[in-house]
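Chains as they are written, first to last, in the numbering used here: chain F, 1 to 216; chain P, 217 to 468.
Every residue gets a Cβ at the ideal spot worked out from N, C-alpha and C, and that includes glycine.
Owing to the predicted nature of the structure, the values given are computational and were not obtained by experimental measurement.
Report on the structure given below.
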């Protein structure tokens, strides 16, 4: 096992995080014990963050950081953040109650996940639950995705914090060219952020763009 | 750290109590209408199968009756040819196969199963109608409770429906055709599920788009009244829709 980024390990081209709840799987991923440490496989085709790491993005997340995660869904990727942030917290916002239920289940077992069932368009509704954070990550398939991201980052992200975003072209416009959709999204984000790294998520996800940003 | 531990605890509590809140009426109605549509489809298939089976024994009756509802009623008391009320002479002349007692019995039991399903469908409809009248009376008055519930189901909730532009509501249920058109193939669809409304589907083809647009406009307004106020506008909207319908029908 090689630690390629803080808390993220690689072996035979597969990514792993150290399971903070040994013996427990979150979504059927495989577990592997090496020298008394249990690793959880982190599949690039199931997690856009894992795909971004595979494609060379340096997340710049360290183990004592706090992360605001928008679009947490059932908490599969959230659980890997929970593994990585041994000293930090992940504040996980999800709108849908159906998948939010799974998220709550995951959060029940992991003491550094704060599940928030709310609309990320209205950060004022959860501002009392979220402190200033080091990282804002967003994976929300919504047309106004960049706007939602900016709203949250302005409210919660530390001045020197990192913004990470996965943009799905299809959910912004199904008829226009992905390239054009990405350009437009980047222009919007450009007003508040400097884009420091970017990658497409092929071959793991089709027509997705992943950006790493800093506040201007 | 402890501050964040507290925040996490509070978040977890709040998320759980939010999940446990009483189910909202529109979410329940949406599940019910999906169940009804699924049940109706299945019922239709099974009923066809039954008629095919029963035709071995009494083909003349199945040829005579075209309405499924009618078949259900006529056979309500039993399947025996000579006991089917009002068709005694047809039974006497029937060239259908003779059936052994046990064969007819199985047929009868299968019919009994269909009767139960038919009744359950009716109960679902009543439940949807009364729930819609309570929770979304204006749009129900305009479109009928079942179609209104189907639109709600496609939008996701009453609130989502109320927030949608009328042009989107006009297309709900026609996504496949709409996106095919947006990708550059085919013609734009004129209506989605709103086609089920009699004001749309009884007009000549070239008028349906206009009517669907008008009706979708009123439907969204009605949904907004239902979601955000407690006014009574349904009748007024329905009257306007009727006028539009008459107008389009008379045009040439």
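Cutoff 7 Å: residue i Cβ touching any chain P Cβ
i                      : result
residue 97 of chain F  : yes
residue 148 of chain F : no
residue 178 of chain F : no
residue 171 of chain F : no
residue 117 of chain F : yes
residue 73 of chain F  : no
residue 107 of chain F : yes
Residue i: contacting residues in chain P (beta-carbon distance under 9 Å)
i                      : result
residue 100 of chain F : 231, 234, 235
residue 104 of chain F : 228, 231, 232, 235
residue 185 of chain F : Per Cβ cutoff of 9 Å: no residues; residue 185 of chain F is ~19 Å from chain P at best.
residue 66 of chain F  : 220
Exposure of residue i, with buried meaning 16 or more beta-carbon neighbours within 10 Å
i                      : result
residue 289 of chain P : exposed
residue 239 of chain P : exposed
residue 28 of chain F  : exposed
residue 444 of chain P : exposed
residue 329 of chain P : exposed
residue 225 of chain F : The question about residue 225 of chain F has no answer here: the residues shown for chain F are numbered 1 through 216.
residue 432 of chain P : buried
residue 286 of chain F : Within the shown structure, residues of chain F are numbered from 1 to 216, placing residue 286 of chain F beyond reach of any answer.
residue 247 of chain P : exposed
residue 424 of chain P : buried
residue 401 of chain P : exposed
residue 92 of chain F  : buried
residue 399 of chain P : exposed
residue 403 of chain P : exposed
residue 82 of chain F  : buried
residue 208 of chain F : buried
residue 138 of chain F : buried
residue 34 of chain F  : exposed
residue 392 of chain P : exposed
8 Å contact criterion, which residue i and residue j should meet: CB distance rounded
i                      : j                      : result
residue 249 of chain P : residue 366 of chain P : 6 Å
residue 406 of chain P : residue 428 of chain P : 6 Å
residue 38 of chain F  : residue 109 of chain F : That pair is no contact at about 14 Å.
residue 362 of chain P : residue 104 of chain F : Actually they do not touch by this definition, with Cβ atoms about 35 Å apart.
residue 149 of chain F : residue 165 of chain F : 6 Å
residue 158 of chain F : residue 196 of chain F : Not confirmed; about 16 Å, so no contact.
residue 77 of chain F  : residue 47 of chain F  : 4 Å
residue 97 of chain F  : residue 377 of chain P : Going by Cβ atoms, the distance from residue 97 of chain F to residue 377 of chain P rounds to 18 Å, so no, they are not a contact pair.
residue 120 of chain F : residue 114 of chain F : With 8 Å as the limit, residue 120 of chain F and residue 114 of chain F do not qualify as a contact, their Cβ atoms being about 14 Å apart.
Cutoff 7 Å: residue i Cβ touching any chain F Cβ
i                      : result
residue 458 of chain P : no
residue 244 of chain P : no
residue 220 of chain P : yes
residue 379 of chain P : no
residue 396 of chain P : no
residue 173 of chain P : Here chain P has residues from 217 to 468 only, and residue 173 of chain P is not among them.
Partner residues on chain F for residue i, Cβ-Cβ distance less than 8 Å
i                      : result
residue 265 of chain P : Neighbours of residue 265 of chain P on chain F: none; closest Cβ ~35 Å, over 8 Å.
Bounding residues of the beta strand (DSSP E) (the contiguous stretch that carries residue i)
i                      : result
residue 67 of chain F  : 67-70
residue 437 of chain P : Segment 421-444 is the alpha helix (DSSP H) holding residue 437 of chain P; no beta strand (DSSP E) there.
residue 198 of chain F : 193-200
residue 16 of chain F  : 14-18
residue 61 of chain F  : Premise fails: residue 61 of chain F is in no beta strand (DSSP E) and is neither H nor E.
residue 259 of chain P : Where residue 259 of chain P is concerned, there is no enclosing beta strand (DSSP E), although the alpha helix (DSSP H) it sits in stretches over 241-270.
residue 94 of chain F  : 90-94
residue 134 of chain F : 133-138
residue 9 of chain F   : 8-11
residue 32 of chain F  : 31-34
residue 37 of chain F  : 37-42
residue 2 of chain F   : 2-5
Residue i, enclosing alpha helix (DSSP H) - first and last residue
i                      : result
residue 160 of chain F : It is not in any alpha helix (DSSP H) - residue 160 of chain F instead sits in the beta strand (DSSP E) that spans 157-168.
residue 469 of chain P : Given a span of 217 to 468 for chain P in the structure shown, any question on residue 469 of chain P remains unanswerable.
residue 280 of chain P : 275-280
residue 208 of chain F : Element bounds for residue 208 of chain F: not the alpha helix (DSSP H) but the beta strand (DSSP E), 208-215.
residue 365 of chain P : 361-371
residue 178 of chain F : 178-190
residue 117 of chain F : Looking at the DSSP string, residue 117 of chain F is not in any alpha helix (DSSP H); the run it does join, the beta strand (DSSP E), is 113-117.
residue 386 of chain P : 382-387
residue 308 of chain P : 304-309
Beta carbon proximity, residue i to chain A, threshold 7 Å
i                      : result
residue 241 of chain P : The structure shown contains no chain A; the protein chains it does contain are F and P.
Per-residue contacts from residue i into chain F (C-beta, under 9 Å)
i                      : result
residue 223 of chain P : 89, 91, 114, 128, 129, 130, 131
Closer than 7 Å at the beta carbon, the chain F residues around residue i
i                      : result
residue 399 of chain P : 175
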